[in-house]
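In our numbering, the protein residues as written are 234 to 743. Report on one structure; see the data block that follows.
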């Protein structure tokens, strides 16, 4: 009596073939007023990291960025390329260099770097020059859109760009050309920034191998840059773009930023719209800036954050940025015995922060997040798996996507729902961990599981340089903060970066 019913249900399940959600409506009519073009292929449920009873400040405040003393435009193109966003912004606004000149400088440099780093999928030269000329014309007319006006940047090649291919780093989608810009691309356009290139990512946002090669670490080119925001971290650290955007599901901003020595910021889940970005895992994907300092990340985050009707996961919680606030009295929770990350802990104390020991929620968070990713990603790319296009992916080893997506079909639905229940429990445990503290540091080194935990719970994270190894490669430290306390985290990270004085060290790529 049971088996016939099971067979009927299995047959019905096999008939549920849905294209990838970002292929549904990827090229809608130009006059389509419907805002929810993202998510047409997504689940009915929307993840929200906020727990019942949690309250967040509702009053918006204008951002406060750290004031800097303008310096003259250097004569060296290298010095210009590695300048902070504040300096670049001042030079463009004061007409010391035009946006078009700056764009051509970065294009020349990025083309040269790409020969070593394999970090560019597509150059956007025509679009970039048009945007740069528009930025210069607006400045000549007395209009300045903001601090990013006229500054060249690079997008991880999973953000849709109208009329320019967006490949997701994967051979099956090598010729994919969307019809609209992703929300974050549009918002940066509105801020006056100039998109010059689509940067590499590991195929379907995993690792640093894509259909065009393996993206390299600028500090050690024989080493991969890690992933999946591989090209974003590599190009930014090497001075090929002023800043870039990446995404994270489980370490894809933090890992390449740590490997390459970038400052990578992963916002609170729901802070930045993912509309028009490749879906890997609906309940985990996040968009954030990768730059050469936390102050630069703050400028970019201010431009891209905010509620978006096209992404139902975004929430209307104001972003409070104050890069001028002192750290006196900042409460820093320290997980572990403090043996690792000594320079960061010392810097925080020297800046006036108070450190207190805390216990992080125990458990195998890596296994839990893997189950979420495997099931959701397998559903997102079900059509590719069923029609055999997964054979085109360059990575075919046991842990690679093709095998993961196929294996996910064997995970019981009951097990997946139990994992989601466990995730809810972790959200409660994490909220208790963050009670009474502003910033969290984990000194357990490789034994840390907070990257998995905080991706599951939606907490913001930042990756900063904390030293260099004997072989010249960077060391990194990750910091975390309370939900929607992105501003406090960025301000603390920027203060530590200034205290440590490691930002001026550059890779030597000849």
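The beta carbon of each residue, even a glycine, is placed where N, CA and C say it ideally should be. Just so we're clear, the structure is a prediction, and the values are computed from it rather than from any experiment.
| task | Look at residue 347 and residue 473 and say whether their C-beta atoms are less than 9 Å apart. | result | Cβ atoms of residue 347 and residue 473: closer than 9 Å.
| Those residues which DSSP pairs with residue 713 across a bridge | 673, 694
| request: Can you give me the start and stop residues for the beta strand (DSSP E) that residue 353 sits inside? | output: 353-356
| residue 380 versus 335, 654, 326, 359, residue with shortest Cα-Cα distance | 326
| message | Quick check on DSSP: helix, strand or coil for residue 372? | response | helix
| Expressed to the nearest angstrom, what Euclidean distance is found between the alpha-carbon atoms of residue 355 and residue 700? | 33 Å
| query | Just the Cα atoms here: how many angstroms apart are residue 554 and residue 657? | reply | 29 Å
| message | On the DSSP bridge list, what partners appear for residue 385? | response | 427
| Alpha carbon to alpha carbon, what distance is there between residue 315 and residue 324? | Those two C-alpha atoms are separated by around 13 Å.
| query | Thinking C-alpha only, which one of 494, 587, 575 is nearest residue 676? | reply | 575
| message | Please list the terminal residues of the continuous alpha helix (DSSP H) segment that includes residue 638. | response | Boundaries of the alpha helix (DSSP H) around residue 638: 634-640.
| task | Return yes when the Cβ of residue 402 is within less than 9 Å of the Cβ of residue 443, no when it is not. | result | yes
| task | Say whether the segment 680-692 touches the segment 635-642, bearing in mind that this needs 3 or more beta-carbon pairs closer than 8 Å, one atom from each stretch. | result | no
| query | Alpha carbon to alpha carbon, what distance is there between residue 254 and residue 618? | reply | Computed Cα separation, rounded: 14 Å.
| said: For residue 177, which residues in the same chain have their Cβ closer than 6 Å to its Cβ, ignoring the five residues on either side in sequence? | reply: Residue 177 falls outside the range modelled here, since the chain spans only 234 to 743, and no answer is possible.
| CA-to-CA distance, residue 669 to residue 260, given in whole angstroms | Residue confidence for residue 260 is low, a pLDDT of 47 falling below 50, so the modelled location carries little weight; the figure read from the coordinates is stated next. C-alpha separation (whole angstroms): 48 Å.
| In three-state DSSP terms, what is residue 719? | helix
| request: Please go through the same chain and pick out, in chain order, the residues whose beta-carbon is closer than 6 Å to the beta-carbon of residue 550, but skip the five residues on each side of it. | output: Excluding its 5 nearest sequence neighbours in each direction, residue 550 has C-beta neighbours in its own chain below 6 Å: 289, 717, listed in chain order.
| So, helix, strand or coil for residue 397, using DSSP? | strand
| Sequence-distant residues of the same chain with beta carbon closer than 6 Å to residue 310, five excluded per side | Closer than 6 Å at the Cβ level, and outside the excluded window around residue 310, lie 338.
| Sub-9 Å separation of residue 396 and residue 412 beta-carbons | yes
| field | Span separating the alpha-carbon of residue 284 from that of residue 713 | value | 18 Å
| From residue 562 to residue 481, what distance separates their C-alpha atoms? | 31 Å
| request: Taking residue 523 as part of the beta strand (DSSP E), name the residues at either end of that continuous run. | output: Where residue 523 is concerned, the enclosing beta strand (DSSP E) stretches over 519-524.
| First and last residue of the uninterrupted alpha helix (DSSP H) at residue 482 | That residue, residue 482, is in no alpha helix (DSSP H); it is neither H nor E in DSSP.
| query | Given 8 Å as the limit, is there contact between the segment 483-498 and the segment 443-459, that is, 3 or more CB pairs closer than that? | reply | yes
| Do we get a CB-CB distance below 9 Å when we pair residue 543 with the residues of chain B? | Considering every chain present, this structure includes no chain B. It has just one protein chain.
| said: On the DSSP letters alone, give me the boundaries of the alpha helix (DSSP H) that residue 469 sits inside. | reply: 463-470
| query | Any idea which residues DSSP pairs residue 538 with across the strands? | reply | 505
| query | Does the beta-carbon of residue 557 have 16 or more other beta-carbons within 10 angstroms, so that it is buried, or is it exposed? | reply | It is exposed - the Cβ of residue 557 has fewer than 16 other Cβ atoms within 10 Å.
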